[in-house]
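Q: Chains S and B, in that order, give the protein sequences.
Going by my numbering, 1592 is the number at position 377 of the first sequence; the sequence numbering is gapless.
Going by my numbering, 239 is the number at position 259 of the second sequence; the sequence numbering is gapless.
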Amino acid sequence: MLPEHAPAFDESFDIAVIGAGVVGCAVVRRLALAGAKVVLIEKGGDLLSGASKANSAILHTGFDAPPGSLELDLIKAGREEYLSLAGSLGLAVVNTGALVCAWSDKEAEKLEAIAAQGRDNGVSNLALLSGTDARITMPGLSERLVAAIEVADEHIIDPWTAPLAYLTQGIALGARFLRNAELLEGRFEDGWHLSTTAGTVKARAVVNAAGLYGDIVDGRLGFTPEFEIRPRKGQFVVLDKAAYAHVPRIVLPVPTEITKGVVVCPTAFGNVLIGPTAEEQTDRVRATVESDALENLLARGAQIVPALEGIPVTAVYAGLRPASESKAYRIFCRPEKRAVTLGGIRSTGLSAALGLAQHALGLIERFALSLSAPAAVPELCLPNLIETQPRDWQQPEHGEIVCHCEMVTKREIEAAFESPVPPGDFGGLRRRTRAGMGRCQGFYCNARLAQMTRGRLREPLAVGDEPT
Amino acid sequence: MSDADVIVIGGGPAGVAAAVELRRCGVARVVLLEREAQLGGATRHCSHSPFGMLDFRRIYFGAAYGRRLEAESARAGVEVRTGHSVVRIEAGGRVELATPRGVETLTARRLLIATGARETPRAARLISGDRPVGVVTTGTLQAYAAFHGLMPFRRPLIVGSELVSLSAVLTCLTHGARPVAMIEPGPHPLAPAPLMWFPRLMGVPFHCGTELLDIHGDRRVEDVTLRMSDGSTLKIACDGVLFTGRFIPESALLRPSSIGVEPGSSAPAIDPYGRTADPHLFAAGNLLRAVETAGWSFREGRRVGCAVAEDLTEDLAREPALGELVPVTFDPPIKLVVPGLIRRGNAAAPAFRDFQLRFTRRARGRLSLVLDGRVVWTREKTWMPERRILVPIPPAAVMANAVHVGFEEQA
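1. Under 7 angstroms Cβ-Cβ, which residues of chain B neighbour residue 1655 of chain S?
2. Less than 7 angstroms between the beta carbons of residue -1 of chain B and residue 10 of chain B, yes or no?
3. Could you give the uninterrupted runs of the beta strand (DSSP E) lying entirely in the region 1335 to 1380 of chain S, keeping only those of 3 residues or more?
4. Use the C-beta contact count for residue 50 of chain B: other C-beta atoms within 10 angstroms, 16 or more gives buried, fewer gives exposed.
5. Using the Cβ count rule (16 or more neighbours within 10 Å means buried), how would you classify residue 362 of chain B?
6. Helix, strand or coil for residue 284 of chain B? Go by DSSP, reduced to three states.
7. Would you call the CB atoms of residue 1381 of chain S and residue 1241 of chain S closer than 7 angstroms?
8. For the region 120 to 150 of chain B, which residues have a CB atom closer than 9 angstroms to at least one CB atom of chain S, in sequence order?
9. Just the chain S side, please: which residues come within less than 7 angstroms of residue 117 of chain B by C-beta, in chain order?
10. Specify, as a first and last residue, the run of the alpha helix (DSSP H) that residue 1666 of chain S falls within.
11. For my contact list, residue 350 of chain B and residue 324 of chain B are in at a C-beta cut-off of 8 angstroms; report their separation, rounded to the angstrom.
12. With a threshold of 7 angstroms between beta carbons, is residue 159 of chain B in contact with chain S?
13. For residue 364 of chain B, which residues does DSSP report across the bridge?
14. Would you mind sorting residue 206 of chain B into buried or exposed? The rule is 16 or more other CB atoms within 10 Å of its CB.
15. With a cut-off of 8 angstroms on the beta carbons, I'd call residue 385 of chain B and residue 377 of chain B a contact; round off their distance for me.
16. Closer than 6 angstroms by C-beta to residue 1377 of chain S: which residues in its own chain qualify, once you throw out the five before and the five after it? Chain order, please.
17. Using a Cβ-Cβ distance cut-off of 7 angstroms, determine whether residue -7 of chain B contacts chain S.
18. Counting C-beta neighbours from all protein chains within 10 Å, is the total for residue 296 of chain B 16 or more, i.e. buried, or is it exposed?
19. Would you check if there are 3 or more beta carbon pairs closer than 8 angstroms linking the region 263 to 279 of chain B to the region 127 to 140 of chain B?
20. If you count every other CB in all the chains shown that lies within 10 Å of the CB of residue 388 of chain B, and 16 or more means buried, which is it?
21. Considering only the alpha carbon of each residue, which of S/1289, S/1583 and S/1570 lies closest to residue 1550 of chain S?
22. Could you tell me the alpha carbon to alpha carbon distance between residue 1681 of chain S and residue 12 of chain B, rounded to whole angstroms?
23. Where do the N-terminal and C-terminal ends of the alpha helix (DSSP H) with residue 1574 of chain S fall, by residue?
24. Any beta-carbon of chain S closer than 7 angstroms to the one on residue 65 of chain B?
25. With distances taken between CB atoms, is the gap from residue 1616 of chain S to residue 1398 of chain S smaller than 7 angstroms?
26. At a Cβ cut of 9 angstroms, what residues of the region 1430 to 1455 of chain S count as close to chain B, listed as they run along the chain?
27. Roughly how many angstroms separate the alpha carbons of residue 1228 of chain S and residue 1673 of chain S, rounded to a whole number?
28. Taking 7 angstroms as the threshold (beta carbon to beta carbon), is residue 359 of chain B in contact with chain S?
29. Run through the region 34 to 107 of chain B for me and flag every whole beta strand (DSSP E) of 3 or more residues, listed as ranges in chain order.
30. Name the two residues that bound the continuous alpha helix (DSSP H) containing residue 1435 of chain S.
31. For residue 1391 of chain S, which residues of its own chain have a beta-carbon under 6 angstroms away from its beta-carbon, when the five flanking residues on both sides are left out?
32. Since residue 1415 of chain S meets chain B, which of its residues come closer than 8 angstroms, beta carbon to beta carbon?
33. In its own chain, which residues sit with a C-beta less than 6 angstroms from the C-beta of residue 1517 of chain S, not counting the 5 before and 5 after it?
34. Please work out which residues of its chain come closer than 8 angstroms, Cβ to Cβ, to residue 120 of chain B, disregarding the five sequence neighbours upstream and downstream, and give them in chain order.
35. Flag this pair as yes or no: are the beta carbons of residue 263 of chain B and residue 69 of chain B separated by less than 7 angstroms?
36. Spatial neighbours of residue 1643 of chain S within its chain, please: CB distance less than 6 angstroms, with the 5 preceding and 5 following residues excluded, ordered by chain position.
What follows is the structure in structure tokens.
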């Protein structure tokens, strides 16, 4: 580790972004496109080390967002930009549509109001369906279905390639990515001096996109935090690809006051996801899975789509959402200190990230940093990982198929390590390539991956340096 | 015109034995597809256990057994294609596969699938806790050690007490790892009790009736919490968790096909010839019934290979004219019965002379075979889970309208 105050970079930056979650990565891209010299500071060993690594991978329309809220505007702006970028950056997007399902007469009574709110929110492609009609669009749904709202424009996406694409584009425009760099303290003296565990960084302005640490980072920047992060854990179960045929659409529950409830949805990778739970906790790091909660999710999934009963579990995971004491996004701008805080992005970060980035740029423009002219946007297309698009294994000369469950090739793994943002840990490699993410969970490929990744990961898969 | 007479999917003991037997029976074009670079399947990394005693009259270890399989295949004139991974099985004997050159399709008059079995990983066991590095299955551990000279941990907790669990202990001890303990959630070890002295003799404490409650660790496993048989909890420091056994068939290719898999076994249902409900598709080996020894799978593969060859000679051009299928029903806690189908009126020599059974748990009681309501075989004892149980298939079974394996439990 570097001495505490050693400079991490000789140069100074226009803007330091703190936190390489989906929001931080989108902000880096937007600011770099605007001509800023950006540094991204991340506490973890890779991007998506916190809240952004675990979510339900839905690109929301915002039909159920709070009316008139900034969140709604940013979801819509973010979604629109995502859909316009997807083709050129090679980002996955699958238009599955969603069904908000009422399982009782009491829930069905709420649908009219939900649809009205959706239309008020500018989401026009909504239809109230009887249970029978909804089951024609998705025959796998239980017969107990009373009624539903069809939200035709909901999409599923690859939640990991998108932020990687944002950051990769930012880096192509000159942004720097500093990993294993926890912000310790920031001083503003005619510009920011940010002391991190990887050295000191100088920047003219700062954007706090620290997610689960948003309030703490505001404190370390010398501000009195105006919000408090209250982590909310969500556990998920991922079912085998055999489930996919039964779940062609996102199945949403009628939300209650407390939670949006358990979602059953297809993934862009051809699996089916059941989750999340919503559990308040104080720990910002540990997101454990719990047998009982996972069993409950499986049971819930089989109530909603009976054919899911008995389909094997491929993976389980848990994530923390950076909720705060308020439902609203916690966005603060301090022009006198040239600081922007994007906090409390509790569950719509993936959909709103690009919108949040536009919003952050708008706030930063007030700082009159006189950025250099925007560079030409470099062309860039990330490797496709979703099943409905051509994959690398289908092309010749892929080297070998390393992960047979997800059909990940040696060429793809090597490309990830040689990319501008190579994986820092095994999770990062999995998210970039899907190696080891399939039904056998590494039974066949983990040893080969251990050998291929020797000396390349922060926490190696194999123990000891020398072969035994 | 098909690309082959028979395509065999999977180059483990069952698949190789079937392919070789097909050639010996005079089948002209036999293509063996294996997704790994070598034949052998799971035997490639089992460096300790001897294979081949009954099949080749000599003992082989791990990779050497795989080389023998390769030599046998070559000698028999089997067209072996390693690095070829089947991604889809279609009706009528057509497969789509990933090859080093990209995607290809092949057709054959018959398919024989022998994709084996694997252990249940941590996720599917719904174990609580963090998800750090250092949590693997026996197969993975042995691949680390045998293929790459690596180890995923030094002081693992071992979960399970099947034969494979003892194999896992041995792999640990011979590769510089010292298991901190071995636990079995059930009240009795699943391997024969005398064998369970082995871990104890090696200084590895073995606890029955003990559950893994929680895995803790930030990047790598740091400790585990156990619930002991007396209800108390115990935290043990370790750097890995090794999940052993609970084998499940590698039947992913069949789940989306018209054949599907049986709910109890996750395996395709077959008749006593190894034939599935699709008359072009046969199956053999541990895909049918996780899990048996390599030798058992080899001999089973050979017999199913022979049945496929006979099927081809009987019917050179036309669709097979086969009898009606009767499903074999069974009582809990029986987990699976193989074959799970009887084909009425079939007279040729079958590949399976016995029903192979597994129990989900230890149970004492009377096991019986019932044809059309008449008990034709019965036996009473304590039946153990994960053990081979055989019930002879009587010739009269092919005449029955109802075939049932009954169990009456005694307190």
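The beta-carbon is built from N, C-alpha and C at its ideal position, and this holds for glycine as well.
A: Checking against the coordinates, here is how it stands:
1. Contacts between residue 1655 of chain S and chain B, judged by CB atoms closer than 7 angstroms, involve 98 and 101 in chain order.
2. Yes, Cβ-Cβ distance for residue -1 of chain B and residue 10 of chain B is below 7 angstroms.
3. Those beta strand (DSSP E) runs which fall completely within the region 1335 to 1380 of chain S and span 3+ residues are 1341 to 1345, 1362 to 1366 and 1370 to 1372.
4. Counting of Cβ neighbours within 10 angstroms places residue 50 of chain B among the buried residues, the total reaching 16 or more.
5. With fewer than 16 other Cβ atoms from the protein chains shown falling within 10 Å of its own Cβ, residue 362 of chain B counts as exposed.
6. Of the three classes helix, strand and coil, the one that applies to residue 284 of chain B here is helix, per DSSP.
7. Contact flag set, yes.
8. Hits within the stretch, in order: 120, 121, 122, 123, 124, 125, 126, 127, 128, 129, 130, 131, 132, 133 and 134.
9. Those are 1658, listed as they occur along chain S.
10. That run of the alpha helix (DSSP H) goes 1661 to 1667.
11. Rounded, the Cβ-Cβ distance is 17 angstroms, inconsistent with contact.
12. Closer than 7 angstroms: no.
13. In DSSP, residue 364 of chain B forms no bridge with anything.
14. Looking at its Cβ environment, which holds 16 or more other Cβ atoms inside 10 Å, residue 206 of chain B is buried.
15. Between the beta-carbon of residue 385 of chain B and that of residue 377 of chain B there is about 11 angstroms, and that puts the pair past the 8 angstroms contact cut.
16. Closer than 6 angstroms at Cβ, skipping near neighbours: 1306.
17. Answer no: the Cβ-Cβ gap between residue -7 of chain B and chain S never drops below 7 angstroms.
18. At residue 296 of chain B the pLDDT is 47, less than 50, meaning the model places this residue with poor confidence and gives no usable figure here.
19. The region 263 to 279 of chain B is not in contact with the region 127 to 140 of chain B.
20. Note on residue 388 of chain B: under 16 other CB atoms within 10 angstroms of its CB, so exposed under the neighbour-count rule.
21. It is S/1583.
22. Confidence at residue 1681 of chain S is low in this model, with a pLDDT of 42, below 50, so its placement is unreliable and the value that follows should be read with caution. Taking the straight line from one Cα to the other gives about 37 angstroms.
23. Element bounds for residue 1574 of chain S: 1564 to 1580.
24. It does: the Cβ of residue 65 of chain B has a partner Cβ on chain S nearer than 7 angstroms.
25. No, Cβ-Cβ distance for residue 1616 of chain S and residue 1398 of chain S is not below 7 angstroms.
26. If the cut-off is 9 angstroms between Cβ atoms, the region 1430 to 1455 of chain S has 1452, 1453 and 1455 near chain B.
27. Using only the alpha carbons, I get a separation of about 27 angstroms.
28. No Cβ of chain S is located within less than 7 angstroms of the beta carbon of residue 359 of chain B.
29. With a minimum length of 3 residues, the continuous beta strand (DSSP E) runs that stay inside the region 34 to 107 of chain B are 59 to 62, 65 to 70, 74 to 79, 82 to 93 and 97 to 99.
30. Residues 1429 to 1435.
31. Here residue 1391 of chain S has 1254 as same chain residues with Cβ atoms under 6 angstroms from its own Cβ, once five neighbours each way along the sequence are excluded.
32. Contact of residue 1415 of chain S with chain B by beta-carbon distance below 8 angstroms is absent, the smallest such distance being about 26 angstroms.
33. 1523 and 1524.
34. Residues of the same chain with a CB within less than 8 angstroms of the CB of residue 120 of chain B, apart from the 5 flanking positions on each side, are 132 in chain order.
35. At the C-beta level, residue 263 of chain B and residue 69 of chain B stay beyond 7 angstroms of one another.
36. Shown here for residue 1643 of chain S: same chain residues with a beta carbon closer than 6 angstroms to its own, the five before and five after excluded, namely 1261 in chain order.
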